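Asks: Residue numbers (the numbering used here), protein chains in the order written: chain A, 682 to 918; chain B, 682 to 918. Note that CB positions come from ideal geometry on N, CA and C, so glycine has one too. None of these values were measured; they are calculated from a predicted model.
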């Protein structure tokens, strides 16, 4: 990213520790090494310190009450909330996430198959951003996961690759990843084609769902009356 | 259908013979028997008589020049053209087709994965209809294929079930059918959920693609300058 940024602008790294042993701890160790090599300032915040519980605590709760949803359904909103808080504390004006092409078309297709067009309208490479919600950008949005891995290998960027998140077997996304990879193999170009369909449709959807809501509990920008993180926290209490 | 129609309105049957031996000939024989049992007037027209070639002739051409597309890509537009012609000749005001829920969500998903939103906007249970293009309706649009088969069995409606069309191994739709059935098994409700997403989106798409075109060759309503049937006929000549 540094190559594309003027020297006036600085990049800082923000890392979230969800408290998943033998996974995030190891990944963070590698990430910190890389960030130090590049001379980038970084900040680390954790679920434990900010929300009072690690994902292990969450897992224990979700394990008991199956009705509250998969573990990942908690991790996502919590991480999003902390990324936003951390960026504000770093005085950031934009938050760049690592989402790639594969991630994006998985989300698009999941939202489509779920009839969740409102959520779909929030996808895309640049979110609008509000007073409370930092604008998010996805610089790797057009890059297939395979190419990013190849780039990292070629440039000797060290990243955690031993295994996936130990909770990820629960994720609906896995089924969609497998299905979409199969369709791409059978009909090459499907990934970019789905992305184009989304991009053609999204201005219409954005227009349909344009009203802005704020969470009645914590005041942060939200698609409903209560934001996803606050709803999930309530379910766990 | 008779139960839902007033006695002022009559139902007539229209059958298209694509000229696929050991398939359509047998299916038409059974269909004619059923229609006679019900006392419904019927009309049969064939690819051979109207277009000068059977699907066997088409298959021979598509087999040689692979670039022109799969056999099914010809059969569809030709059948649509003849169904329209036949309905006009029967003085029909509406054409009811047998498309079911499975057919519809396969088409929706194929169009989405192909980034063909214009074609997607033409789906749905009732088409608009124009001077040259009879309004089409899909009374079975909300009925899963399985339920229709069960209904036919329970009511002793005899239909051709020995095997699928001998050319259907070429159809892209097969891959989508398999994929969607798998997703429905893993996440029950996916079929209706995709249909709802389409129904929520379609007013926006219809508005975006509302201009009306007529084929410059045969004058029938068309999404492009030349209608699909005329384009396909040209490819075969």
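On a CA-only basis, which of A:798, A:898, A:846 and A:910 is nearest residue 702 of chain A? Give me that one, please.
Replies: A:846
Asks: What does residue 877 of chain A reach in chain B if we use C-beta pairs closer than 7 Å?
Replies: 796
Asks: Does residue 704 of chain A pass the burial test, meaning 16 or more other C-beta atoms within 10 Å, or should it be called exposed?
Replies: buried
Asks: Buried or exposed: residue 722 of chain A, going by 16 or more other Cβ atoms within 10 Å of its Cβ?
Replies: Around the C-beta of residue 722 of chain A, fewer than 16 other C-beta atoms lie within 10 Å, and the residue is accordingly described as exposed.
Asks: Whole angstroms are fine: how far does the CA of residue 776 of chain A sit from the CA of residue 808 of chain A?
Replies: Across the structure, residue 808 of chain A and residue 776 of chain A are spaced so that their CA atoms are roughly 10 Å apart.
Asks: Under the rule that 16 or more other beta-carbon atoms within 10 Å means buried, what is residue 910 of chain B, buried or exposed?
Replies: buried
Asks: Is the beta carbon of residue 819 of chain B closer than 7 Å to that of residue 780 of chain B?
Replies: Yes. Within cutoff.
Asks: Going by DSSP, name the residue or residues bridged to residue 924 of chain A.
Replies: No answer is possible for residue 924 of chain A: the residues shown for chain A start at 682 and end at 918.
Asks: For chain B, is any of its Cβ atoms less than 7 Å away from the one on residue 856 of chain A?
Replies: For residue 856 of chain A, at least one C-beta of chain B is nearer than 7 Å to its own C-beta.
Asks: For residue 814 of chain B, count the other beta carbons within 10 Å of its own beta carbon; 16 or more makes it buried, fewer makes it exposed. Which is it?
Replies: buried
Asks: Helix, strand or coil for residue 695 of chain A, going by three-state DSSP, please let me know.
Replies: strand
Asks: Taking all protein chains shown into account, do 16 or more other C-beta atoms lie within 10 angstroms of the C-beta of residue 831 of chain A, making it buried, or fewer, making it exposed?
Replies: exposed
Asks: Should residue 875 of chain A and residue 794 of chain B be called a contact, given that it needs their Cβ atoms to be closer than 7 Å?
Replies: yes
Asks: Does the beta-carbon of residue 802 of chain A have 16 or more other beta-carbons within 10 angstroms, so that it is buried, or is it exposed?
Replies: Under this definition residue 802 of chain A is a buried residue.
Asks: Is DSSP giving residue 807 of chain A helix, strand or coil here?
Replies: strand
Asks: Distance check for residue 878 of chain B and residue 797 of chain A, CA to CA, integer angstroms please.
Replies: 7 Å
Asks: Using the beta-carbon count (16 or more within 10 Å), is residue 697 of chain A buried or exposed?
Replies: buried
Asks: Measure the beta-carbon distance from residue 673 of chain A to residue 840 of chain A and round it to whole angstroms, keeping in mind my assumption that it falls under 8 Å.
Replies: What the structure shows of chain A is the stretch from 682 to 918, and residue 673 of chain A is not part of that stretch, so it cannot be assessed.
Asks: By the criterion of Cβ-Cβ separation under 8 Å, what are the contact partners of residue 793 of chain B in chain A?
Replies: Listed along chain A are 793, 875 and 878, each with a C-beta nearer than 8 Å to that of residue 793 of chain B.
Asks: Residue 823 of chain A: buried (16+ other C-beta within 10 angstroms of its C-beta) or exposed?
Replies: exposed
Asks: With DSSP as the reference, please indicate the residues paired to residue 724 of chain A in a beta bridge.
Replies: Paired residue(s): A:695.
Asks: Indicate whether at least one CB of chain B lies closer than 7 Å to the CB of residue 823 of chain A.
Replies: Contact of residue 823 of chain A with chain B is not assigned, every C-beta pair being separated by 7 Å or more.
Asks: Under a CB-based cut-off of 7 Å, is residue 763 of chain B close to chain A?
Replies: It does not: the Cβ of residue 763 of chain B has no partner Cβ on chain A nearer than 7 Å.
Asks: Along chain B, in chain order, which residues have C-beta atoms closer than 9 Å to that of residue 871 of chain A?
Replies: Correct list: 794 and 795.
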